[in-house]
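Per our numbering, residue 12 is the first one in the sequence shown, and the count goes up by one each step.
Just so it is clear, CB atoms sit at the ideal spot from N, CA and C, and this is done for glycine as well.
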Amino acid sequence: MGSPTGPCNPGGCSLAHPEDAAQEQGGLLTGAQHLNSGLPQRTSPRVPGEGSRRSEKPIFYFGDVEYSVDESAGYVEVQVWRTGTDLSRSSSVTLRSQKTNPPSANAGTDYVGISRNLDFAPGVSMQTVRVIILDDLGQPVLEGIEKLELVLRMPMNAAIGEPSKATVSINDSVSDLPKMQFKERVYTVNENDRQIVAIIHRSGDLQFMSSVRCYTRQGSAQVMMDFEERPNTDISIVEFLPGETEKPCILELMDDRLYEEIEELRLVLGTPQSNSPFGATVGEQNETLIRIRDDADKTIIKFGEIKFSINEPKEPGQSVVIKIPVIRQGDTSKVSIVRVHTKDGSATSGEDYHPVSKAPDRLPYPNQGQGQLANCLQHLPLTGPTPNRPTTP
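Encoded structure:
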């Protein structure tokens with residue numbers, strides 16, 4: 012050991028060893044001067060970890076202070092953690108649910124009450140607990156955000172840390188909010204049906220009156236030419252009385268005599284309202300596609316009758332003519348052409364009749380419809396009996 016060194020003064024000398032100075036710089040030992048004796052007083056060094064061994068018990072705590080869940084989700088998962096320097100022993104803690112103050116969510120109505128003992132095996136640091144949420148699906152009632160509390164109690168071989176309490180917020184403002192949407196994505200209708208009825212379905216809390224605008228957006232179908240407009244104003248409101256789940260949105264169609272290919276427009280829902288303090292909303296299916304067919308105005312060309320009768324000429328070489336009308340129905344705004352030809356049945360072409368394969372002598376003119384084509388006739392000459400031909404010996 013080195014020689015003691017230190018400054019002297021009239022009151023005495025302060026002695027220190029080099030080892031002491033080094034230890035003082037390391038923070039392990041401390042010294043104090045006593046003026047009466049002039050000798051240093053040294054405390055006993057602390058054994059590292061000696062004071063902390065008493066606090067080496069694992070700590071239980073919640074992973075989060077608050078958890079949020081939609082009422083329709085059915086459950087919420089909560090994490091309980093165990094931390095510490097020594098997780099080699101088993102330990103446990105009790106998790107319980109309780110009402111908030113003031114009371115909000117109720118066990119048995121809004122959630123399933125829980126009192127569960129969580130056993131942590133050696134080395135396990137976290138467990139997930141599922142809390143069951145009860146949904147009033149049969150008769151939804153919009154209640155707003157309701158809360159319950161989860162607490163940790165009675166630890167074994169461990170201690171309770173923070174947070175030791177977690178709050179679960181149950182939100183039904185989405186699942187139970189009055190929601191209106193179309194029942195079908197696409198409606199197909201014929202122009203001559205004159206109207207189409209699109210059904211709007213309402214779900215959620217039905218105890219209040221609700222309303223929504225049902226308005227049109229034109230596509231290939233044009234306003235006032237193909238349908239009557241439903242503007243995006245209050246004139247297009249569809250109202251639901253308390254308890255009602257379905258209401259019609261009626262669209263009037265414009266029928267004409269002109270044939271058109273399939274045309275489309277959209278019905279849209281917007282500006283939802285409700286007497287509920289939480290309001291109302293529209294669902295994902297807030298639009299429906301309207302497809303208008305025009306089969307009735309499609310141009311159809313046909314014979315006036317399916318069967319015609321005529322007497323055969325009585326004398327050989329004679330002929331008679333039968334007139335068969337060709338009729339056009341539907342859109343008559345354009346020129347139509349059709350070819351008429353004969354086909355043998357029991358009568359034989361060239362022996363019993365003269366064959367025909369040609370367009371009508373006169374084409375149907377625009378705007379000529381059914382019953383106006385009496386001048387568009389086919390002349391089918393029928394021959395008389397053929398004299399007996401001499402046989403070849």
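Closest in C-alpha terms to Val367, from the list Lys345, Glu88, Ile143, Lys334, comes Lys334. Taking a cut-off of 8 Å on C-beta distances, the segment 312-326 does not touch the segment 282-295, as fewer than three cross pairs fall below it. Rounded to whole angstroms, the gap between the alpha carbons of Phe219 and Ile156 is 19 Å. Of Asn182, Pro166, Ile181, Asp183, the smallest CA-CA separation from Ser175 is found for Pro166.
Per DSSP, Ala84 has no beta bridge partner at all.
Each of Leu280, Val185, Leu217, Leu262 was checked against the Cα of Asn243, and the nearest Cα belongs to Leu280. Here the segment 250-264 lies against the segment 207-225, with 3 or more beta-carbon pairs under 8 Å apart. Straight across, the Cα-Cα distance linking Asn117 with Ile181 is about 11 Å. Residue range 176-182 is occupied by the beta strand (DSSP E) that includes Lys176. As the crow flies, the alpha-carbon of Lys194 is around 53 Å from that of Lys354. Straight-line measurement puts the Cα of Gly341 at about 5 Å from the Cα of Lys309. Spanning the alpha carbons of Tyr270 and Leu264 requires a straight line of approximately 15 Å. Between Phe289 and Leu153, the C-beta spacing is below 8 Å. Looking at Ser103, Ala307, Thr111, Thr96, the one whose alpha-carbon comes closest to that of Asn128 is Ser103. Judged by beta-carbon spacing, Ile317 lies beyond the 8 Å limit of Val331, meaning their Cβ atoms are not closer than that value.
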